[in-house]
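Colleague: Numbering (my numbering), first residue to last: 69 to 334. Glycine included, C-beta positions come from ideal geometry on N, C-alpha and C.
(1) What's the C-alpha gap between residue 266 and residue 112?
(2) Where do the ends of the alpha helix (DSSP H) carrying residue 91 lie?
(3) Compare the C-alpha of residue 280 against each of 210, 223 and 228 and name the closest.
(4) Applying the criterion that 16 or more other CB atoms from any shown protein chain within 10 Å of the CB defines a buried residue, is residue 193 buried or exposed?
(5) Here's the rule I'm using: 16 or more other beta-carbon atoms within 10 Å means buried, otherwise exposed. How should residue 247 be labelled?
(6) So which of 310, 275 and 303 has the shortest CA-CA distance to residue 317?
(7) Helix, strand or coil for residue 237 per DSSP?
(8) Below 6 angstroms CB to CB, which residues in the same chain sit around residue 310 once its five sequence neighbours on both sides are set aside?
(9) Pairing CB atoms from the region 194 to 204 with CB atoms from the region 294 to 302, are three or more of them under 8 angstroms?
(10) Between which two residues does the alpha helix (DSSP H) containing residue 332 stretch?
(11) Would you report the Cα separation of residue 388 and residue 115, rounded to the nearest angstrom?
(12) Run through DSSP, which three-state label would residue 255 get?
(13) Report the three-state DSSP secondary structure of residue 116 (helix, strand or coil).
(14) DSSP on residue 229, reduced to helix/strand/coil?
(15) For residue 102, count neighbouring C-beta atoms within 10 Å of its own C-beta (all shown protein chains included) and say buried if the count is 16 or more, exposed if not.
(16) CB-CB under 7 angstroms to residue 223, same chain, minus the five flanking residues each way: which ones, in chain order?
(17) Please check the pair residue 242 and residue 214, which I expect to be a contact at CB under 8 angstroms, by giving their CB distance rounded to whole angstroms.
(18) So who's on the other strand from residue 217, going by DSSP bridges?
(19) Taking only the alpha-carbon atoms, compute the straight-line gap between residue 330 and residue 291 and give it to the nearest angstrom.
(20) Looking only at its chain, what residues have a beta carbon closer than 6 angstroms to the beta carbon of residue 237, apart from the 5 residues adjacent to it on each side?
Given below as structure tokens:
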């Protein structure tokens with residue numbers, strides 16, 4: 069008879085993090101965490117994500133979860149962190165949309181980067197909110213902050229340009245102390261997509277540039293927004309919305325936004 073311990077599954081680890089296990093199973097997972105540093109690191113990562121979600125979106129925790137998120141949670145597990153990141157992004161976007169639908173935030177339209185999508189029950193997050201939600205989902209990631217890394221920049225640009233239907237350019241911010249980490253494709257609004265580029269300073273400070281199509285029409289100058297400690301400058305240029313987000317002072321972000329604008333809109 070084997071005395072080896074069965075491996076801890078992703079489902080069990082998430083249930084442990086969410087305090088949803090029976091006492092005997094919780095003890096088994098705790099024992100496995102004590103033996104396995106890599107499993108313990110992953111559990112701490114999940115706990116940190118839960119805490120970040122609670123901190124940033126505590127006012128929406130009593131709202132019922134959308135059906136599509138429940139379906140995603142019940143789907144067969146794929147890659148461990150890749151699926152987790154996707155579900156975290158879906159949760160953040162769903163929570164944000166729920167806030168707007170329940171009137172917790174105003175829903176302006178027009179040339180301010182805050183256009184609302186059409187369709188029954190469909191709500192597109194305003195540009196700065198969508199950018200902040202995406203930043204909060206991926207900037208804390210250690211192992212998988214991006215889908216395509218900077219060492220494959222040519223592929224990253226070609227891929228995201230094709231998906232957004234325009235020729236994208238990635239700004240060079242090294243003179244400002246930030247190097248490209250990479251980028252990823254994100255869902256946005258109704259059946260549309262957005263691009264996120266991530267940059268990092270020598271001290272680990274992360275900055276993200278969010279780009280999506282915008283049908284509001286007129287180009288705009290820089291606009292400023294601050295949400296939950298995150299600073300954003302956003303603008304509309306030739307049918308596309310741009311939003312730069314980070315936890316940095318307004319003056320620093322304005323300088324960086326100017327550098328991004330100069331390189332993406334020559």
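Modeller: On the basis of the coordinates in this document:
(1) Taking the chain shown and counting its residues from 1, one reaches residue 266 at position 198. Taking the chain shown and counting its residues from 1, one reaches residue 112 at position 44. Cα to Cα, the separation comes out at about 23 angstroms.
(2) In the chain shown, residue 91 corresponds to position 23, counting from 1. Unbroken alpha helix (DSSP H) run through residue 91: 91 to 103.
(3) Here residue 280 refers to the residue found at position 212 when the chain shown is read from its first residue. Comparing Cα-Cα distances from residue 280 to each of 210, 223 and 228, the minimum goes to 228.
(4) Here residue 193 corresponds to residue number 125 of the chain shown, with the count starting at 1. By the C-beta density criterion, residue 193 is buried, having at least 16 other C-beta atoms within 10 angstroms.
(5) Here residue 247 refers to the residue found at position 179 when the chain shown is read from its first residue. Within a 10 Å sphere around the beta-carbon of residue 247 sit fewer than 16 other beta-carbons, which makes this residue exposed.
(6) In the chain shown, counting from the first residue as 1, residue 317 sits at position 249. Minimum Cα distance to residue 317 is reached at 275.
(7) Taking the first residue of the chain shown as position 1, residue 237 is located at position 169. Here residue 237 sits in coil by DSSP.
(8) Counting from 1 along the chain shown, the entry for residue 310 is found at position 242. So the qualifying residues of the chain are 279 and 303.
(9) yes
(10) Reading the chain shown from its first residue, position 264 is the one you call residue 332. It spans 318 to 332 - the alpha helix (DSSP H) in which residue 332 sits, taken as one unbroken run.
(11) No answer is possible for residue 388: the residues shown for the chain start at 69 and end at 334.
(12) As a first step, residue 255 is located in the chain shown; it is residue number 187 there, counting from the start. In this structure, residue 255 counts as strand in the three-state DSSP scheme.
(13) Position 48 of the chain shown, counted from the first residue, corresponds to residue 116. Of the three classes helix, strand and coil, the one that applies to residue 116 here is helix, per DSSP.
(14) By 1-based counting over the chain shown, the position of residue 229 is 161. Residue 229: helix per DSSP, three-state reduction.
(15) For the purposes of this step, residue 102 is taken as residue 34 along the chain shown, with counting starting at 1. Flag for residue 102 reads exposed.
(16) The sequence position of residue 223 within the chain shown is 155, counting from 1. Cβ within range, chain order: 216.
(17) In the chain shown, residue 242 corresponds to position 174, counting from 1. In the chain shown, residue 214 corresponds to position 146, counting from 1. At roughly 17 angstroms, the Cβ-Cβ gap does not stay under 8 angstroms, so residue 242 and residue 214 are not in contact.
(18) For the purposes of this step, residue 217 is taken as the residue at position 149 of the chain shown. According to DSSP, residue 217 bridges with 250.
(19) Translated into the one-based positions of the chain shown, residue 330 becomes position 262. Translated into the one-based positions of the chain shown, residue 291 becomes position 223. Their Cα atoms are separated by approximately 16 angstroms.
(20) Here residue 237 corresponds to residue number 169 of the chain shown, with the count starting at 1. Within the same chain, residue 237 has close Cβ partners 332.
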